[in-house]
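Comments concern the structure below.
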Amino acid sequence: MPTHLLARRRHKPRPALPLTEGVALELARVHEACGPARHSFALWLAAAAQGPVLWLSQPQAGRPLNPDGIADYASPARFLFVQTARTEDLLWAMEDALRGGAPLVVAELAEPPAMTPVRRLHLAAEAGGSFGPAPLGLLLTPGHGGAQGIESRWHLTHAPCPSSSLPGSSPAGSRLCWTLQRLRARTLPPRSWQITRACTGGSLLAAPLPTGTDRQQAARPAASRALPQPQPPLVAPAVP
Numbered sequence: 446m447p448t449h450l451l452a453r454r455r456h457k458p459r460p461a462l463p464l465t466e467g468v469a470l471e472l473a474r475v476h477e478a479c480g481p482a483r484h485s486f487a488l489w490l491a492a493a494a495q496g497p498v499l500w501l502s503q504p505q506a507g508r509p510l511n512p513d514g515i516a517d518y519a520s521p522a523r524f525l526f527v528q529t530a531r532t533e534d535l536l537w538a539m540e541d542a543l544r545g546g547a548p549l550v551v552a553e554l555a556e557p558p559a560m561t562p563v564r565r566l567h568l569a570a571e572a573g574g575s576f577g578p579a580p581l582g583l584l585l586t587p588g589h590g591g592a593q594g595i596e597s598r599w600h601l602t603h604a605p606c607p608s609s610s611l612p613g614s615s616p617a618g619s620r621l622c623w624t625l626q627r628l629r630a631r632t633l634p635p636r637s638w639q640i641t642r643a644c645t646g647g648s649l650l651a652a653p654l655p656t657g658t659d660r661q662q663a664a665r666p667a668a669s670r671a672l673p674q675p676q677p678p679l680v681a682p683a684v685p
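To get our numbering, take the position in the sequence shown, counting from 1, and add 445.
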């Protein structure tokens, strides 16, 4: 009987799309962004990527993004907005676009999809990179997300800007700040960053936040994070 030995050579890492220092998303895969500022995360990807951006949504998601807001990150001329009546049609359009090699495909969903559609999206993204630059898919989901089988999940929310968040940074009133959390990834642990960007534009600056809270934030249910945590009982002093 033939024996198959494990190869000792390291696996070649996939190419990734970097957003800022320490934050990158693997290409030829599908990722998830959630949280109140998830649309900003998608625009960061559009600014970092090259070529057209296909933005899929449904009528209940409201009107497409304002071109004036898009222009702060990327040229609105790069965006193609498509609305579908059914979620199944939206996922089919995303799958077809990734298989065709579309550089960046963003899909707004009312709820996280199941495992099977996500698996099909991964296969389509891998196929799309076989004859050109690898595409990237991003699912925008409400709350704390929960799509099964995604490559990574990111949570983004707006945050107040401290007076001196990063060395050499501009005053707090001239900057925009966010808290970015990597809630899950196939090969990386949970982690958090403070992201800063000047109101006039420019690059994203990242400052890692204490790692001790990352695992706790990722493990706790979303609803429980707003509730006061139980305190240890008071101990009466010993009577002499």
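Even for Gly, the Cβ is constructed at its ideal location relative to N, Cα and C.
According to DSSP, Ile640 shares a beta bridge with Trp623 and Ala651. The segment 591 to 605 and the segment 623 to 630 touch, with no fewer than 3 CB-CB distances between them shorter than 8 Å. When rounded, the separation of the alpha-carbon atoms in Met560 and Pro460 is 24 Å. Pairing Ala579 with Leu472 gives a Cβ-Cβ distance under 8 Å.
According to the DSSP assignment, Thr561 belongs to no beta strand (DSSP E) but to the alpha helix (DSSP H) extending over Met560 to Gly573.
Listed in chain order, the non-local C-beta contacts of Ala547 below 6 Å within the same chain comprise Leu499 and Pro580, local neighbours out to five positions each way being set aside. In the assembly as shown, Thr586 is a buried residue. Its beta-carbon has 16 or more other beta-carbons within 10 Å. For Pro497, the closest C-alpha among the options Pro635, Gly646 and Leu488 is that of Leu488. Per DSSP, Arg598 is one residue of the beta strand (DSSP E) stretching across Ser597 to His603. Pro509 and Ala592 have their alpha carbons spaced roughly 23 Å apart. Listed in chain order, the non-local C-beta contacts of Thr465 below 6 Å within the same chain comprise Leu649 and Ala651, local neighbours out to five positions each way being set aside. Contact annotation, Glu596 with Arg631: C-beta distance approximately 6 Å; criterion of less than 8 Å satisfied. Residues Ser502, Ala506 and Leu585 of the same chain have their beta carbon placed closer than 6 Å to that of Glu553, with the five preceding and five following residues left out of the count.
Cβ atoms of Leu462 and Ala494 come within 8 Å of each other, at about 6 Å.
In this model, Glu556 and Gly590 are separated by some 8 Å (Cα to Cα).
Cα atoms of Leu568 and Met539: separation of roughly 12 Å, rounded to the nearest angstrom. Restricted to the segment 527 to 554, the beta strand (DSSP E) segments that are unbroken, complete and at least 3 residues in length are 549 to 553, listed in chain order.
Contact between Gly480 and Pro653 is absent: CB atoms are separated by about 18 Å, not below the 8 Å threshold. Leu566 and Cys644 have their C-alpha atoms some 35 Å from each other. For Pro463, the enclosing beta strand (DSSP E) stretches over residues Ala461 to Thr465. Separation of Glu477 and Arg642 (C-alpha to C-alpha, rounded to the nearest whole angstrom) is 22 Å.
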